[in-house]
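**Q** Take 0 as the starting number for the sequence shown in numbering that gives the first Met the number 0 and just add one per residue. Glycine included, every Cβ here is placed at the ideal spot set by N, Cα and C.
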Amino acid sequence: MSRSAGHHIVNTLENAGIERVYAVPGESYLDVLDGLYDSSIETVVCRQEGGAGFMALSESRLTGRPGIAMVTRGPGAANAMISVHTAYQDATALVLFVGLVPIADRARESFQEFSLAEWFSSTAKKVIIVDDEDRAGDLTAEAMRIAASGRPGPVVVGLPEDVLVRMTEAPDTKPAPIAEPQPSDADLQSLTTRIAAAAKPAFVLGGDGWHEGHGHDLLDLASSAGIPVFCDWRAYDAVPHTGPAWAGWLGYGRAEAVAAGYGDADLLVFVGATRSDVASDGYTRGFDAETVIVGLDPEATQHAGRIDQQILASPRSFVTALTSSDAAALRGERTDLWMTTCSDVQSKVAAHRPDAEVAGAVPRTGVDLGVAFGILDDRLGGEAVLTYGAGNATIWGHRFIQHRRPASLVGARNGAMGLAVPGAVAASLVFPERRAVAVCGDGDFFMNGQELATAFAHGASPLVIVVDNGVYGTIVQHQVNHYPGRPSGTRMVNPDFATWMSSFGGHGERVEKTEDFEAALDRALAADGPALVHVLIDSELMPRPLTRSRPDDSSNSHDLPHTFAKDEQ
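(1) Counting pairs of Cβ atoms below 8 Å between the segment 76-85 and the segment 95-115, do you hit three or more?
(2) Taking all protein chains shown into account, decide if R105 is buried (16 or more other Cβ within 10 angstroms of its Cβ) or exposed.
(3) Could you tell me the boundaries of the beta strand (DSSP E) in which P421 lies?
(4) Output the distance between the C-alpha atoms of D263 and G373, rounded to the nearest integer angstrom.
(5) Within the chosen definition, does the segment 117-137 reach the segment 52-63 through at least 3 CB pairs nearer than 8 Å?
(6) Under 8 Å Cβ to Cβ from D467, same chain only, skipping five residues before and after it: list those, please.
(7) State the beta-bridge partners of P486 as determined by DSSP.
(8) Within 10 Å of its beta-carbon, does M338 have 16 or more other beta-carbons around it, so buried, or fewer, so exposed?
(9) What residue does the beta strand (DSSP E) around T340 start on, and which one ends it?
(10) Taking L158 as the reference, give the member of Y471, E382, V409, G5 with the closest Cα.
(11) Mind the definition here: the segment 140-157 touches the segment 255-273 only if three or more C-beta pairs lie below 8 Å; say whether that holds.
(12) From the DSSP output, in three-state form, read off I536 for me.
(13) If I measure Cβ to Cβ from P529 and keep anything under 8 Å in the same chain, skipping five residues before and after, which residues do I get?
(14) Using only CA atoms, which one of S407, V291, V44, N447 lies nearest to E432?
(15) Label D354 either buried or exposed according to how many other C-beta atoms from any shown protein chain fall within 10 Å of its C-beta, with 16 as the threshold for buried.
(16) What would DSSP say about S109, mapped onto helix, strand or coil?
(17) Find the nearest neighbour of E117 within the set Y87, V155, A103, judged by alpha-carbon distance.
(18) I believe A437 touches V420 by the beta-carbon criterion, under 8 Å. Please report the beta-carbon distance rounded to the nearest angstrom.
(19) Roughly how many angstroms lie between the CA atoms of T11 and G414, to the nearest whole one?
(20) Going by C-alpha to C-alpha distance, which of G16, L32, I17 sits closest to V23?
(21) If I measure Cβ to Cβ from R378 and keep anything under 7 Å in the same chain, skipping five residues before and after, which residues do I get?
(22) Could you pull the DSSP bridge partners for E289 from this structure?
(23) Per DSSP, K125 forms a beta bridge with which residues?
(24) Where does D30 land, buried or exposed, given buried means 16+ other C-beta within 10 angstroms?
(25) Am I right that A135 and T91 are in contact with their C-beta atoms under 8 Å? What's the rounded C-beta distance?
(26) According to DSSP, simplified to helix, strand and coil, what is T167?
(27) Taking the straight line between their C-alpha atoms, what separation do you get for R412 and M491?
(28) On the premise that R403 lies in contact with P239, defined as a C-beta separation below 8 Å, what is that separation, rounded to the nearest angstrom?
(29) Ordered along the chain, which non-local residues of its own chain (more than five positions away) have a Cβ less than 6 Å from that of R34?
(30) Would you call the segment 387-402 in contact with the segment 473-480, where contact means no fewer than 3 C-beta pairs closer than 8 Å?
(31) On the three-state DSSP scale, how would you describe T273?
(32) Does the Cβ-Cβ distance between L93 and S59 come in under 7 Å?
(33) So, does the segment 221-236 touch the segment 291-310, judging by three or more C-beta pairs under 8 Å?
(34) So is G488 buried or exposed if we call it buried at 16+ other beta carbons inside 10 Å?
(35) With H, G and I counted as helix, E and B as strand and the rest as coil, what does DSSP make of M54?
(36) Can you list, in chain order, the residues of its chain whose CB lies under 6 Å from that of A68, leaving out five sequence neighbours each side?
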């Protein structure tokens, strides 16, 4: 069958089961847009390329399929760069299609020309340019395979404008299977021996790929074997937050007591995660422990420190193999005391309580976030999809909101601002039957708040919680610590976000007092369509000034719901 290269690309995406592409249109890839006109794939028209990339990333994290974004050359590609960097550091499969100038116009500084490879080669797994119309389908399939295989990440595909309209009779391209390594019997036996011999073993789970409830199975096995389960930062939906083995999450804003438990382990088994600077508090914790790495990346990218055993396996293949083992063989001579000690710490950390009861907090004006997020957790019941950008405001959500289902958390693990709103729009499209909630500060919200227009255009119904203190709070915290009394470059002026939401035709609530939050939240949850709750807090009250907490830190930072280790952006 003869068709254009642009249409052939669309056919390949259809054959791969892609349901949505997130796009900002451009004249450089008009033929692909024309192919999408009568395609089964929904074209989600976004308002900025960074938002489109974040939506594609969110879909990938929630489904396990590579997310697809499409942008135009030059300025469009520049705007999309933030999502590529996020996908690269977060190890999330993303394919970004970028329209390019015609081949004949290259190297002439033509309109919006740039070098795709020079821009993206350091932050993408591969950069591909479709210079041959007969290979358009094969290269598209190759991009998706590379993005999803091994350590997942972004692949950038360049689409020269003139190549897209050339006709090709190349056959349809079928998606290539993704290899899924299986742990060997020898791997499992060695691991079992290590766990049984350890006095204080611990699992640390993270990364993508926890979509099918395997985290629940591993948590059950760990509970039977007396092993606490920690999770990496913004990857803690890998397991349900219930049961005696759940020990909490690590990384920025983590409770000191949880991090201390992780640091006490004598054997750390990382599954889908690594001992990165985030989980290890800046390369200061967990380095003396015997270490096992389980993952798809043979190079163990982002891992620091010792590796005593490496098992190449996906979370699914590893958990399936390990849970066929006898829990008694993993337990050895251990009692449950080590596990329950870690679990009890996490239970106390996550217990709902007002900020006024948190050590180091002082009476405040505005809304008490400890109360507000406790109410939000009660209403969501562990079933919602939560999305986060970056900033201190997110820590209350991380601390108090439980997750009981896999594929229920999307957060920028590289600390990029602006993911929360587009992430929630995509989550609502992927799971229309579930509640999607964006939690963001006022600075984060306006990074990509325009994508609420995309929600209205495509029938998404996210709930957005905007915490407003009129400053870039994370940076102010560091200024208080390092430059006390000299705030600089961190103050903002905000509109009434509730009114702004209402201007779209959505439901907006403005809350200035703690006692008004519950009713406002209930009205927002009952609204038909997108809703927003604008929560005002005291702009003068900042968290206790803390830098990175170390093992010998004597502070009470485990009592603070908003302790950050360093800048997120």
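**A** The short version:
(1) As far as the Cβ criterion goes, the segment 76-85 touches the segment 95-115, which means the pair count is three or higher.
(2) With a threshold of 16 other beta carbon atoms within 10 Å, R105 falls short and is exposed.
(3) Element bounds for P421: not the beta strand (DSSP E) but the alpha helix (DSSP H), 419-429.
(4) Approximately 30 Å, taken between the alpha carbons.
(5) As far as the Cβ criterion goes, the segment 117-137 does not touch the segment 52-63, which means the pair count is below three.
(6) Correct list, in chain order: G440, D441, N493, F496, H533, V534, L535, I536.
(7) The partner list for P486 (beta bridge, DSSP) is empty, contrary to what the question assumes.
(8) Sixteen is the threshold: when 16 or more other Cβ atoms of the shown chains lie within 10 Å of the Cβ of M338, as they do, the residue is buried.
(9) Looking at the DSSP string, T340 is not in any beta strand (DSSP E); the run it does join, the alpha helix (DSSP H), is 336-349.
(10) Checking every option, the nearest Cα to that of L158 belongs to G5.
(11) These segments do not touch.
(12) Note: I536 maps to strand in three-state DSSP.
(13) If we look at P529 and ignore the five residues flanking it on each side, its Cβ neighbours are L451, A454, F455, A459, S460, P461, L462, V463, M500, F503, G505, H506.
(14) The residue with the shortest Cα to Cα distance from E432 is S407.
(15) Its Cβ being crowded by 16 or more others within 10 Å, D354 is buried.
(16) In the three-state reduction of the DSSP assignment, S109 falls in the coil class.
(17) Just measuring C-alpha positions, the residue of Y87, V155, A103 sitting nearest E117 is V155.
(18) Contact flag correct, Cβ pair sits at about 5 Å.
(19) Cα-Cα distance, rounded: 33 Å.
(20) Nearest C-alpha to V23: L32.
(21) Its chain contains L520, L524 as the residues whose beta carbon lies nearer than 7 Å to that of R378, once the 5 sequence neighbours on both sides are disregarded; these appear in chain order.
(22) Per DSSP, L266.
(23) Per DSSP, V154.
(24) The residue is buried, with at least 16 neighbouring Cβ atoms inside 10 Å.
(25) Not quite, the Cβ-Cβ distance comes to about 25 Å (not below 8 Å), so this is no contact.
(26) Note: T167 maps to strand in three-state DSSP.
(27) Linking R412 to M491 through their CA atoms gives a straight-line distance of about 25 Å.
(28) Yes, they are in contact, since the Cβ atoms of P239 and R403 sit about 5 Å apart, within 8 Å.
(29) The identity of residue 34 in the sequence shown is Gly, whereas the question assumes Arg. The answer, listed in chain order, is G5, H6, V9.
(30) Contact between the segment 387-402 and the segment 473-480 is present: three or more C-beta pairs spanning the two stretches fall below 8 Å.
(31) Here T273 sits in coil by DSSP.
(32) It is a contact, given that the beta carbons lie within the stated cut-off.
(33) With contact defined as three or more Cβ pairs closer than 8 Å, the segment 221-236 and the segment 291-310 are not in contact.
(34) Burial call: exposed.
(35) For M54, the secondary structure class from DSSP, reduced to helix, strand or coil, is helix.
(36) Excluding residues up to 5 positions away in sequence, Y21, A51, G52, A55, L95 lie with their Cβ nearer than 6 Å to the Cβ of A68 in the same chain.
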